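Note sheet for the following structure.
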Amino acid sequence: MHELSIAQDLLARVEESVDSPQARVLRVTVEIGSAAGIVAQSLRFAFEVIARGTRAEGAELRIVALPARSRCLGCGILFEFDGLIGKCPACGRLGGDLVSGNEMILRSIEVADV
Amino acid sequence: MPAARTINLDHPLLASNQAAAAHNREHLDARRILTVNIMGAPGAGKTALLEATIARWSRPETIAVIEGDQATRRDSDRIGAAGARALQVETGLGCHLDALQIHRAIHDLDPPAGSIVFVENVGNLVCPALFDLGERVRVVMTAPTEGADKPLKYPPMFRAADIVVLNKCDLLPHVPFDFEQWTEFVHSVNSRARIVLTSALTGEGIDEWISELARRRDELRAESAR
């Protein structure tokens, strides 16, 4: 349910990034690390609901999933994975120290004047 | 219809929460106020551990507690009855506390320099993990009744912890809970987490929990003296 808070923050950033008073937002692109704990479907739903009545109403929310990376605590290799927790492909050990995968970034918006 | 144009951006989301958290941290650290964010599922024993902590603390009046719950003032009433100051934040539809709520609560409570502030987050193993409050210490509480696999099921929460408290440790002989496996699971998602076993009911482990907090308070004091 924290996706609602994130959607509110996202909408605020989108609205302040629109570059002309006539512009409407057609598409919003965000990058979300796979270990960040964000459910894409919930974020999309929350964004759609709160964007109603704003210049981002009806905008498509494109969510690009970034793979996460952990360093294995057993053999020390760096490996990529999708999801909240990974498994070392070399030694099979679960988890590890998360190196990246918590990203939540507004990458671009596509706008058109109406 | 005119052509669409793309505006490239690089805005981290929740940056406003991060900024508020950084502000809180600066304010609290400068006053040597140890702030401890306690997270965990409903019923893990967060309020009970705080009651036991207050009862054992040498000067309970130097403890302030910010209580986050969806509804009611029950927890802040319990903390008040235990002898510490409490401020209830009813989050309504919110599933977590955020740094702005803590900012306002700190101003209302106005904790004195050198004191300790506990934040009892909304009972939830998911959402609070994402919201930095400006705390000095993050604690995740769990209990044997929740099962040994919770660190693997809720990795962001356990990853965020400085201290993982296994409360209700008096139940260990009575419930099917593989303690070795649980410890391995905690360290598989968070190799630096300190594990402390407590029972808020019997008082077991409370001294160790308090000395963990005292150690972090002393670190904070030593840092700000530099």
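Taken in order, these protein sequences are the chains called A and B.
If you count by the working numbering, then the first sequence holds residues 3 to 116, one letter each, in order.
If you count by the working numbering, then the second sequence holds residues 821 to 1046, one letter each, in order.
Backbone N, C-alpha and C define an ideal beta-carbon position, used for all residues, glycine too.
All values reported here derive from a predicted model rather than from experimental measurement.
Quiz prompt | Those runs of the alpha helix (DSSP H) which lie wholly inside the region 946-992 of chain B and span at least 4 residues | solution = 970-973, 975-979
Quiz item: In or out: ILE79/A buried (at least 16 other Cβ within 10 Å) or exposed?
Solution: exposed
Practice problem: Please confirm if GLU112/A has its CB atom under 8 Å from at least one CB of chain B. | Solution: yes
Self-check item: Same chain, Cβ closer than 8 Å to CYS989/B, neighbours up to 5 away in sequence not counted
Solution: PRO964, LEU1017, THR1018, SER1019, GLU1024, GLY1025
Quiz item: Would ASP11/A count as contacting chain B if we go by Cβ distances under 8 Å?
Solution: yes
Quiz item: Is GLU18/A near the ligand HEM, in the sense that its beta carbon is under 7 Å from a heavy atom of that ligand?
Solution: With respect to small molecules bound, the structure shown includes none, and the ligand HEM cannot be examined in it.
Quiz item: Between which two residues does the alpha helix (DSSP H) harbouring ARG1041/B extend?
Solution: 1026-1045
Quiz item: Where ALA884/B and ALA933/B are concerned, what is the direct C-alpha to C-alpha distance, given to the nearest angstrom?
Solution: 12 Å
Quiz item: Just by C-beta distance, which residues in the region 34-50 of chain A are closer than 9 Å to chain B?
Solution: ILE34, ALA37, ALA38, GLY39, ILE40
Quiz item: Can you list, in chain order, the residues of the region 86-107 of chain A whose Cβ is nearer than 7 Å to any Cβ on chain B?
Solution: LEU86, ILE87, LEU96, GLY97, ASP99, LEU100, MET106, ILE107
Quiz item: How about ARG852/B and SER1044/B: are their beta carbons less than 8 Å apart?
Solution: yes
Exercise. With a floor of 4 residues, list each alpha helix (DSSP H) that falls wholly inside the region 849-915 of chain B, ordered by position along the chain.
Key: 866-876, 894-902
Self-check item: Delimiting residues of the alpha helix (DSSP H) encompassing LEU45/A
Solution: 42-52
Quiz item: Name the chain B residues that come within less than 8 Å of ARG71/A, Cβ to Cβ?
Solution: Within chain B, no residue comes near ARG71/A; the closest Cβ sits about 14 Å away, beyond 8 Å.
Quiz item: Going along the chain, which residues of the region 826-838 of chain B sit with their C-beta nearer than 9 Å to a C-beta in chain A?
Solution: THR826, ILE827, ASN828, LEU829, ASP830, HIS831, PRO832, LEU833, LEU834, ALA835, SER836, ASN837
Quiz item: Per DSSP, what kind of secondary structure is HIS4/A in: helix, strand or coil?
Solution: coil
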